[in-house]
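Here the structure is laid out as structure tokens; the discussion comes afterwards.
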Amino acid sequence: MDAQPPGSGPGPATSDVLQQIMAIADQSLDEAQARKHALNCHRMKPALFSVLCEIKEKTAVSIHGIQEEDPPHAQLTRLDNMLLAEGVSRPENRERGGPAVVAGTATPGGCPNDNSIEHSDYRAKLSQIRQIYYSELEKYEQACHEFTTHVTNLLQEQSRLRPVSPREIECMVGVIHSKFSAIQMQLKQSTCEAVMTLRSQFLDARRKRRNFSKQATEVLNEYFYSHLSNPYPSEEAKEELARKGGITVSQVSNWFGNKRIRYKKNMRKFQEEATIYTGKTVADTTEVGVPGNHTSCPSTPSCGLSGPFTLTNAGGAFLTLQTLASLRPSPGGASLQSQARGGWQGATPPLLTTSPAGDPGNVNSDAFR
DNA sequence: CGTCATGATTCTGC
DNA sequence: GCAGAATCATGACG
1 MDAQPPGSGP GPATSDVLQQ IMAIADQSLD EAQARKHALN CHRMKPALFS VLCEIKEKTA
61 VSIHGIQEED PPHAQLTRLD NMLLAEGVSR PENRERGGPA VVAGTATPGG CPNDNSIEHS
121 DYRAKLSQIR QIYYSELEKY EQACHEFTTH VTNLLQEQSR LRPVSPREIE CMVGVIHSKF
181 SAIQMQLKQS TCEAVMTLRS QFLDARRKRR NFSKQATEVL NEYFYSHLSN PYPSEEAKEE
241 LARKGGITVS QVSNWFGNKR IRYKKNMRKF QEEATIYTGK TVADTTEVGV PGNHTSCPST
301 PSCGLSGPFT LTNAGGAFLT LQTLASLRPS PGGASLQSQA RGGWQGATPP LLTTSPAGDP
361 GNVNSDAFR
């Protein structure tokens, strides 16, 4: 501790200064209080105080210069609006007297379609950000409060010894608040950046379109063509297909949505594909001896549907199929709904003009011709 | 580089 | 909330 500066330093002995400091530190609190008390009771105190006031009057810089430099909180408002729009902050809890909620129209170019982002990963990460944001915000607010109280007390205490007007205290509090709000702004900015990064990552990910693997396409097509009368896989069936194809359930839903509409629009184009898959499916099923195609729909009651048609002969099978399809208890409510609407039924028709040779079991080809 | 195929998104109706 | 329809965006291919 008492290390002298190396070399021949001419300055005052550092150890002396250090010793003085240590002496102050060693001073007990009582001792300090006693001194303060003594000073307060000094007979010259009032006179001294008035002198101090006078000096201050002459030298003090005008206070109002310091305070009202409040910049237009445009940026803060922008950040607030952005956080609100992103769902990080909530509309309540905004004490800043500004035009708090313009959120609906705020950030016009920034984030066009918030409600579209319902991805669970995105939401999870967003809520993580929100959590951190709020906990930090709370910390800052608490620290600000504590610091303000401390400084106010200190100044009030000091006002007995030196001229400190309430206005000055107020001003000081204002300065503290502005410092803390600067920190808050930084926090808000960081949060916004984090959300933006997350958003762009997510959007990038979903914009990237990759073709499904052959396996996935095959699995989906097999199901589609083997359930051509009612290509609405139940939730379980979708899960199964997703698992088999190595894709997500929503991708399965997308695929079926696209497939149905595109098939309906241009059935001729899909005939060849249908031949391939229905032929394949039936080949598979005949191999095992179960008409319902075990691979494409293991756990779906609707599998049984194709059964009867492997046994019926061509004529009239389509009608029977239609009728059955509409009567059969649908595995998922959605299918029932769509059936009720008659959405798919009208479109099923001209299926296979060329059914696989020697394949009486082909549901679809038999169904139509 | 243009075109087609295809996965994803958006809008609308029920 | 789901399905159909339209549309967008990107990959594959000649």
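In full-length UniProt numbering, the protein residues as written are 1 to 369.
Cβ coordinates follow ideal geometry from the N, Cα and C atoms, glycine included.
Since the model is a prediction, treat every value here as computed from it, not as a measurement.
- Inclusion of Pro231 and Arg262 in the CB contact set at 9 Å is not warranted, their separation being larger than that value.
- In terms of CA proximity to Arg210, Trp255 leads the group Leu52, Trp255, Ala47.
- Nearest in C-alpha terms to Lys179, of all of Phe212, Cys144, Asn266, is Cys144.
- Cβ-Cβ distances below 6 Å link Glu136 to Leu187 in the same chain, with the five nearest sequence neighbours on each side left out; the list follows chain order.
- Of the other Cβ atoms in all chains shown, 16 or more fall within 10 Å of the Cβ of His227; this residue is therefore buried.
- Minimum Cα-Cα distance from Val164 among the listed residues Leu126, Lys36, Glu57 corresponds to Glu57.
- Taking C-alpha positions only, Glu170 is separated from Cys192 by approximately 32 Å.
- Rounded to whole angstroms, the gap between the alpha carbons of Phe49 and Leu39 is 11 Å.
- DSSP, read as helix, strand or coil, puts Gly246 in coil.
- As the crow flies, the alpha-carbon of Ile176 is around 30 Å from that of Arg35.
- At least 9 Å separates the beta-carbon of Leu154 from that of Glu168.
- Put simply, the backbone Cα of Ala216 is about 22 Å away from that of Asn266.
- In this chain, the alpha helix (DSSP H) harbouring Asn221 covers 214-226.
- Nearest to Met172 by alpha-carbon distance, out of Gln189, Ile183, Thr148, Met185, is Thr148.
- Between Gln75 and Met196, the CB-CB gap reaches or exceeds 9 Å.
- Between Leu52 and Arg160 a beta carbon distance of about 12 Å is seen, past the 8 Å cut, so the two are scored as non-contacting.
- Taking all protein chains shown into account, Glu240 has 16 or more neighbouring C-beta atoms within 10 Å of its C-beta and is therefore buried.
- For Val173, the three-state secondary structure derived from DSSP is helix.
- At a Cβ-Cβ threshold of 9 Å, Glu272 and Val249 do not count as neighbours.
- Between Gly87 and Leu126 the beta-carbon gap is near 6 Å, inside 8 Å, which marks them as a contact.
- Using a 10 angstroms sphere on the CB of Lys269, the tally of other CB atoms stays under 16, which defines it as exposed.
- Our two residues, Gly257 and Leu198, have alpha carbons roughly 28 Å apart in a direct line.
- Restricting attention to Leu220, Ser15, His42, Ile129, the CA atom closest to the CA of Ala242 is found in Leu220.
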